[in-house]
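Student:
Numbering (my numbering), first residue to last: 32 to 395.
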């Protein structure tokens with residue numbers, strides 16, 4: 032199925048009942064969606080977020096009296112982003128057969144590289160870590176290699192949705208602290224416009240990344256609902272931020288981030304998981320797990336491709352379908368501006384497996 036490589040290239044596939052999309056056709060539709068989304072994303076990225084880690088910020092003007100707690104946080108942000116080469120290369124290798132996904136991962140990696148450079152500059156210009164210390168720390172970090180959290184494409188795609196949202200939240204809360212808006216007594220009076228701009232700029236990138244991966248998961252959720260929901264359940268059941276096992280002083284970093292009000296378990300539940308669930312039409316974690324359990328209790332046709340009736344009650348499928356349709360409209364508008372529509376247009380194909388009420392139109 033589509034949980035191996037996007038698009039799936041396996042030769043052996045179960046026969047598809049008449050009237051339903053084959054797995055090959057589903058994979059082709061998802062691949063075309065990713066290609067169109069990648070093209071649209073790249074054009075928008077170049078137009079609206081083309082900043083430079085060295086030249087876009089007044090580094091000389093950075094506050095040299097930031098409290099030690101914030102330096103620990105900046106150091107942690109810098110450390111996590113040091114694994115951008117591993118993040119990029121491993122994901123590119125996993126999805127290399129997909130034009131849209133593999134090329135996007137290269138674009139994504141180039142943007143993550145800027146984040147690594149920007150956070151390194153923030154640590155350097157804070158004046159509280161020497162260049163020699165930074166260089167030695169980088170060597171310690173890069174002596175280890177980050178590996179994919181899951182072996183297959185669909186689980187890693189789902190993981191990046193939650194990870195990008197969590198990273199965005201970290202940086203937005205750092206921005207608030209640097210703007211002097213912290214409600215923590217030990218951070219009262221902290222202000223650094225330069226750091227605030229850095230955190231805000233990177234958070235905007237992370238929001239764009241989140242939206243790309245979210246659109247991808249929606250396409251999988253539309254054509255492969257059961258497998259995708261199962262991947263969501265598995266990911267949130269063992270979610271952790273990337274490089275948590277690699278960074279030497281991770282526990283100190285995590286505790287400092289928590290005490291600063293930047294990120295913690297409650298933030299993940301309220302501002303990461305619930306936000307992603309809402310964007311995917313999932314009511315709650317409990318509803319997700321219960322729906323999957325009921326789905327597995329419903330008999331299926333052996334060797335077939337029937338979606339079980341219980342899965343459709345697990346999430347708002349109509350909302351997902353509407354989101355996927357809107358994505359295709361966005362892609363089609365972009366293609367018309369270029370001329371792709373004259374030669375090889377991206378088209379939305381309805382999933383006929385969805386049970387509909389009598390007289391209900393596909394776009395109701």
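Don't be surprised by glycine CBs; every beta carbon is placed ideally from N, CA and C.
By Cβ distance, which residues of its chain are closer than 7 Å to residue 347, with the 5 residues on each side in sequence left out?
Tutor: Only 312 meet the Cβ criterion.
Student: Expressed to the nearest angstrom, what Euclidean distance is found between the alpha-carbon atoms of residue 51 and residue 381?
Tutor: About 10 Å.
Student: Keeping to the same chain, check which residues put their C-beta closer than 8 Å to that of residue 303; ignore five residues upstream and five downstream.
Tutor: These residues qualify, in order along the chain: 193, 196, 197, 200.
Student: With three or more C-beta pairs closer than 8 Å as the rule, is the region 220-233 touching the region 273-282?
Tutor: With a cut-off of 8 Å, the region 220-233 and the region 273-282 do not count as touching, because too few Cβ pairs lie within range.
Student: Roughly how many whole angstroms lie between the Cα atoms of residue 180 and residue 191?
Tutor: Distance between the alpha carbons of residue 180 and residue 191: 10 Å.
Student: Quick one: what's residue 156 bridged to in DSSP?
Tutor: DSSP output for residue 156 lists no bridge partner at all.
Student: Quick check on residue 362: does DSSP put it in helix, strand or coil?
Tutor: DSSP places residue 362 in helix when its eight states are reduced to three.
Student: With 16 as the cutoff for other CB atoms within 10 Å, does residue 360 come out buried or exposed?
Tutor: Answer is exposed; the Cβ neighbour count stays below 16.
Student: Measuring alpha carbon to alpha carbon, tell me which of 97, 218, 115 ends up nearest residue 290.
Tutor: Ranking 97, 218, 115 by Cα distance to residue 290 puts 218 first.
Student: Could you tell me the distance, in whole angstroms, from the CA atom of residue 89 to the CA atom of residue 248?
Tutor: So the two alpha carbons sit approximately 38 Å from each other.
Student: Looking at residue 149 and residue 464, is the spacing between their C-beta atoms short of 7 Å?
Tutor: Outside the shown range of the chain (32 to 395) lies residue 464, about which nothing can therefore be said.
Student: Using 8 Å for Cβ pairs, my map puts residue 154 next to residue 118. What's the rounded Cβ distance?
Tutor: Incorrect: roughly 20 Å between the Cβ atoms, too far for contact.
Student: Compare the Cα-Cα distances from residue 168 to each of 113, 251, 206, 125 and report the closest residue.
Tutor: Residue 113 is the option with its Cα nearest to residue 168.
Student: Could you pull out every residue in the same chain whose Cβ sits closer than 8 Å to the Cβ of residue 16, ignoring the five residues on either side in sequence?
Tutor: Because the chain spans 32 through 395 in this model, residue 16 falls outside it and cannot be assessed.
Student: What do you get for residue 166, buried or exposed, if any count of 16 or more other CB atoms within 10 angstroms of its CB means buried?
Tutor: Exposed.
Student: Count Cβ pairs between the region 67-77 and the region 119-139 that sit closer than 8 Å; are there 3 or more?
Tutor: At 8 Å Cβ cutoff, the stretches touch.
Student: Could you tell me the boundaries of the alpha helix (DSSP H) in which residue 205 lies?
Tutor: It spans 184-209 - the alpha helix (DSSP H) in which residue 205 sits, taken as one unbroken run.
Student: Pull up the CB-CB distance for residue 158 and residue 95, whole angstroms please, since I reckon it's below 8 Å.
Tutor: Going by Cβ atoms, the distance from residue 158 to residue 95 rounds to 4 Å, so yes, they are a contact pair.
Student: Check the C-beta distance from residue 104 over to residue 205 and give it rounded, since I have them as a contact under 8 Å.
Tutor: Going by Cβ atoms, the distance from residue 104 to residue 205 rounds to 7 Å, so yes, they are a contact pair.
Student: Suppose the cutoff is 6 Å on Cβ atoms and the five residues either side in sequence are ignored; what does the same chain contact list for residue 262 look like?
Tutor: Only 185, 186, 189 meet the Cβ criterion.
Student: Please report the distance separating the alpha-carbon of residue 129 from that of residue 267.
Tutor: Cα to Cα, residue 129 sits roughly 25 Å from residue 267.
Student: Kindly identify the DSSP beta-bridge partner or partners of residue 165.
Tutor: DSSP, once it has assigned bridges, lists no residue as partnering residue 165.
Student: Distance check for residue 384 and residue 337, CA to CA, integer angstroms please.
Tutor: Residue placement at residue 337 is poorly supported in this model, since its pLDDT is 47, which falls under 50; the coordinates still yield a value, given next. Roughly 7 Å between the two C-alpha positions.
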